Every structure is written in structure tokens, then in C-alpha cells.
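I have placed the structure first, in the form of C-alpha cells, so that the comments after it can refer back to it.
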Amino acid sequence: MHDVLIIGGGNAALCAALMAREAGASVLLLEASARAWRGGNSTHTRNLRCMHDAPQDVLLESYPEEEYWQDLLKVTGGQTNEHLARLVIRESSTCRGWMRRHGVRFQPPLSGALHVARTNAFFMGGGKALVNAYYRSAVALGVDIRYESPVDRIELAADGRFAAAYVGDERIAAKACVLAAGGFESNLDWLRAAWGQNERGEWPADNFLIRGTRFNQGVLLRHLLDEHGAERIGEPTQAHMVAIDARAPLYDGGICTRIDCVSLGIVVNQRAERFYDEGEDFWPKRYAIWGRLVALQPGQTAWSVIDAKAAGRFMPPVFAGIRADSLPELARRLELDEAVFMRTLTDYNRACVPGTFDHTRLDDCHTQGLTPAKTHWALPIDTPPFHAYPVRPGITFTYLGLLTDDTAAVRLGGTPSANLFVAGEMMAGNVLGKGYTAGVGMSIGTAFGRIAGVNAARAARNEEAAHGLEPENLD
Ligand SMILES: Cc1cc2nc3c(=O)[nH]c(=O)nc-3n(C[C@H](O)[C@H](O)[C@H](O)COP(=O)(O)OP(=O)(O)OC[C@H]3O[C@@H](n4cnc5c(N)ncnc54)[C@H](O)[C@@H]3O)c2cc1C
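Residue numbers (numbering that gives the first Met the number 0): 0 to 474.
Below you can see the structure in the form of C-alpha cells.
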């Protein structure tokens, strides 16, 4: 029997596995996917949001705890646990040395990224390289890894202690366990039920695309909530959702399908009408609300429209924009009502107040007398060629999860389990009730993965002591 069983194979699971192993525990990691697809959503990531009080290798200036906390407070609208959030923030300032020791390398952001050189440390080679480095390190340290091992259910003792996990009929016992199997974002039926039917009779979730892995089906999340009465946190429709290219695949489109030109133009829905302030704030602070905004539009589809002036000012997505040399031609190519489209564009262009365009600050280019207003970076869309990108809601990860505290223990009927812990997306809702700020997903997974790993190793030792067993594999 292993000391610690880790369920999941992404960043949170790997951080937990490495920490438990470093604490002397024998560790078995079960990843649902085949080896080629290992690593879940973590393979798609690029960066980690890091607190720092002075410039550090790839991080410019400083990003103090209070500023990080205020950013989080703002985007979540207060739906966060301050104690756990500050724990994540402080951990983000100290974890990178440990990450480097396990082979993760950092680099400054490329120009055109989300203006995050001060706040976010980028992984060299992206999340795929990070995950591969962690797997290499785990294997070198003697962590046992099994692929194609989706856990269906777990067995708990009457006092809420973890006893075993099941992969089909196979029972896998361990002295402690860390759940790090992601959210339920890949489960189309669950998303459909959570979002329900809207006033137009549509099932909005039918038009969602999943930006990451297909393996985060939420099987264990549902099992823990429904079968074991685990305490929950978060709402099922709250999630990180961005506007992505409507032509992206259903799963694993990743970062290159995101449409980043929203703040440089306007966005119209199927009725060819605008519906939100495209220039409300800097894109890194707003990109994660656009998935939800598009989800509320008819057909859950919209078009981000720009003119030639926007070219070169944003990271181009993988699919080319739909091009036209005139606005009426663009309307026809998008199969939108040409008269309404032209009215929307004309009204917008007329409402733009001349100013000094500067995409690096909240500039004075705004509209006047237009609803909804565009409050910054409002330049007339008048210079051919014109481009439009069709967008749909791209769901990154869901926030409904397991309630926990600073020990990462799963809570069952008001009591923390002695040997069952949770990390990553399965508990991110404790910190993120809604909204998002770039890089905090990996901060949460890294902080809680590391805590869960250490506490699981300790719990395994306690189990041995309680049962009078000789500790095995301890340093
Ligand atoms: C396109 C994209 C870009 C992103 N970019 C960033 C970024 O730059 N910075 C950032 O901070 N965050 C980013 N995120 C969010 C980030 O990916 C997550 O917050 C983070 O990776 C979550 O880590 P995790 O370990 O909890 O989940 P995952 O990495 O998804 O790992 C979950 C693992 O559990 C496995 N699993 C699922 N069910 C089972 C089961 N029943 N049994 C066994 N295994 C199971 C899966 O196969 C997977 O390996 C991005 C996400 C996406 C999709």
C-alpha cells in the first residue's frame, strides 16, 4: 500500500506528489488520461501570478501582497476567502525556487502578451514544459505513476477517513489521499444542466467550447458532493470563461484561440448590435468576463470587429479574421443584417470623441451619447481592410468545488477529514467565487497542491502511528 494516493495529473496533483514524496512518503499518482494527454488544463497555461516586493529575474518592479489582494478582491466582487487568498498570495512569492529545483524555467513575457511583465512569471515552453518537468522530477524521485486510470469513486471510513479509491473494479488503498482531478468544465451534460434554458428557449451551454482538457468531467467532485456529503463552495455557473474563436475545436483549443482584439474595436451580436463597453478596462482585467457576456447573447455568438488601425496591436489568434474591404461587404460575409450592422457602425463612429489613442493606459478616446458607451480606446472603425472574428464562450474552468481551509482538508459534515485533501480547480472556488485575474489559477494550484502534499504525507505517518505500523519509506 502506498502512503499517499494522488488523484489527477495536472499542476496541483504534481505539486502534491512532489511535496509528499519530498516529505518521505511513498506516492502513487493516478492520471485519467493516456500519457500523451497527461497534465490536464495545466499543459495549456503560460504563467503564474506572483507577489514580489522587488524586481526578480523575470518580474519587473514590485507586486506587493496588498495590491495582489486588492486585485483579487475587485475581480471576485468580494466572493473570496481572505485568509486563503492571502495564503495563496504569500505562497506565490516563495514557490518559484522550489519550482526551479524541479526543472521549471521562467522567461519574460513576449511582447503582445497581456501586459503582465510586472505581475506574472511566464514558464519557458509554457505549461506543457512545466508539466513535463514535474513528471520527470516525480519519476526521478520514485513517485509511481499510472496513466489511463480514471478514478470513479472513493471509499471513506465512517469517521470520514479516506480508505481507498476505485478505478473500475480495482480497489486502490492508501493511507492518505489528495484529490486534484480538476473542475467539471469538460462535462457537457453537467454544464447544460447548470446553465439551464434561457428566456429564448436556448440551452446556452450547448454552444460553449472547452478551452482545455476533455478529462475534467467532475466525476469525483459530484461523487464527493452527492455520495459523501462533502461541503461545497461556489456556484455551478461561475467559471473562468473567455471569448474564443467560434471555429475552435470542442476541447483543447488552448490559448491560441483566444480573441484579444475586443478592446481595439467593437463587438456585435447576432442582431448586429453592440452589448457591452469594449473599453471598460485593460484587457487582462476584462478578458475573463467576455465569455459570460457572449453566453448571454442570442445564439451565444458574437463578432469582434476591427479595422486596419488595430493590426499589429494584439496577439493574432490562430484562425484568420474574416476580411472585407468595406463594412457592408463585411456584414454580408458575416451573414448579419446589413442595415442594422451599418447603423451600429455609423452610430459608433459618430460617437467617437477624438483623443490621444494609447493602448497602454486608460486613454481619453471614448464615445459620447452612445449606449452602451465605449469608455477607452474608441477610434472610428473606418480604415479598410476590416476584419471580424466570430466568438463563442470558451470555458476554462469551473468554480464549484469542495470547501476547505488552510490545511487543504476536505470537509465532511462540518469536520475536516484527517487524511483526505484537495487542491487545484477542485477547490479554486474557495478563492475565486467569480471573476478572474490572469495567472491566479496556477497560484492556487501550486499553493494548495504543495500544502495538500505535505499534509497528506503527515496524515499517512499519523495513520501508521495510530495502527502501530513501522513507517516505511520515511527519511
Ligand atoms: C487554455 C488555458 C489557459 C490557461 N492559462 C493559464 C495561465 O496562464 N495561468 C494560470 O494561472 N492558469 C491558467 N489556466 C487555468 C489553469 O489551467 C488551471 O487553473 C490549473 O491548471 C488547474 O490545475 P489542476 O491541477 O487543478 O487541474 P488540471 O491541470 O486540469 O489537472 C486535472 C487532472 O485531473 C485528471 N483527472 C480528471 N478526472 C480524473 C479522475 N476521475 N481520475 C484521475 N484523474 C482525473 C485530468 O486528466 C488532469 O490531469 C489556463 C487554462 C486553460 C484551459
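C-beta: ideal position from N, C-alpha, C; glycine also.
All values reported here derive from a predicted model rather than from experimental measurement.
Closest in alpha carbon position to Tyr347, among Glu272, His386 and Val439, is Glu272. Assignment of Glu60 by DSSP, reduced to helix, strand and coil, places it in the coil class. Assignment of His222 by DSSP, reduced to helix, strand and coil, places it in the helix class. Scanning its chain for C-beta atoms nearer than 6 Å, with the 5 sequence neighbours on each side dropped, one finds around Gln237 the residues Tyr398 and Lys433, in chain order.
Taking 7 Å as the cut-off, the Cβ atoms of Trp97 and Ser262 do not count as close. In terms of CA proximity to Ile5, Val26 leads the group Ala22, Val26 and Ala132. The three-state reading of DSSP puts Ser442 in helix, counting H, G and I together. Under the three-state reduction of DSSP, Trp202 is assigned to coil, being neither helix nor strand.
Per DSSP, the unbroken beta strand (DSSP E) holding Gly393 starts and ends at Phe385 to Thr397. Excluding the 5 residues flanking it on each side, Ser92 has same chain C-beta neighbours closer than 7 Å at Cys49, Met50 and His51, in chain order. Taking a contact to require three or more Cβ pairs closer than 8 Å, the stretch 9-19 and the stretch 414-428 qualify as touching.
Per DSSP, the unbroken beta strand (DSSP E) holding Ala323 starts and ends at Ile321 to Ala323. Beta-bridge pairing by DSSP links Gly400 to Ile232.
Judged by DSSP secondary structure, His82 falls outside any beta strand (DSSP E) and instead within the alpha helix (DSSP H) spanning Glu81 to Arg100. In this structure, Asn206 and Gly102 do not form a Cβ contact; the two beta carbons are roughly 39 Å apart against a cut-off of 8 Å. Between Ala33 and Glu147 the beta-carbon gap is near 5 Å, inside 8 Å, which marks them as a contact. It is roughly 5 Å from the alpha-carbon of Leu402 to the alpha-carbon of Arg231.
Using a Cβ distance threshold of 7 Å, Gly290 and Ala242 count as a contacting pair. With a threshold of 6 Å, the Cβ atom of Glu424 counts as near ligand 1, since some heavy atom of the ligand is closer than that.
The Cβ atoms of Leu333 and Ala387 lie closer than 7 Å to each other. DSSP places Asn186 in the coil class of the three-state scheme, outside both helix and strand. The three-state secondary structure of Met240, taken from DSSP, is strand. Under the three-state reduction of DSSP, Pro371 is assigned to coil, being neither helix nor strand. The residue among Ala417, Asp56, Ala338 and Ala310 with its C-alpha nearest the C-alpha of Arg460 is Ala417. The stretch 116-127 makes contact with the stretch 57-65: 3 or more CB pairs, one atom from each, lie closer than 8 Å. Rounded to the nearest angstrom, the gap between the Cα atoms of Gly368 and Arg349 is 10 Å. Scanning its chain for C-beta atoms nearer than 8 Å, with the 5 sequence neighbours on each side dropped, one finds around Thr300 the residues Asn206, Ala245, Asn268, Gln269, Val293, Pro389, Val390 and Arg391, in chain order. Taking each of Leu378, His222, Gly200 and Lys174 in turn and checking the Cα distance to Ala180, the smallest one comes out for His222. Taking the CA atoms as reference points, Glu65 sits about 26 Å from Asp362. Taking 7 Å as the cut-off, the Cβ atoms of Ala287 and Tyr435 count as close. If you ignore the 5 residues before and after Pro371, its C-beta comes within less than 8 Å of the C-beta of Arg273, Phe274, Tyr275 and Asp276, all in its own chain and listed in chain order. For Ile450, the CB contacts under 6 Å within the same chain, skipping 5 residues up- and downstream, are Ala407 in chain order.
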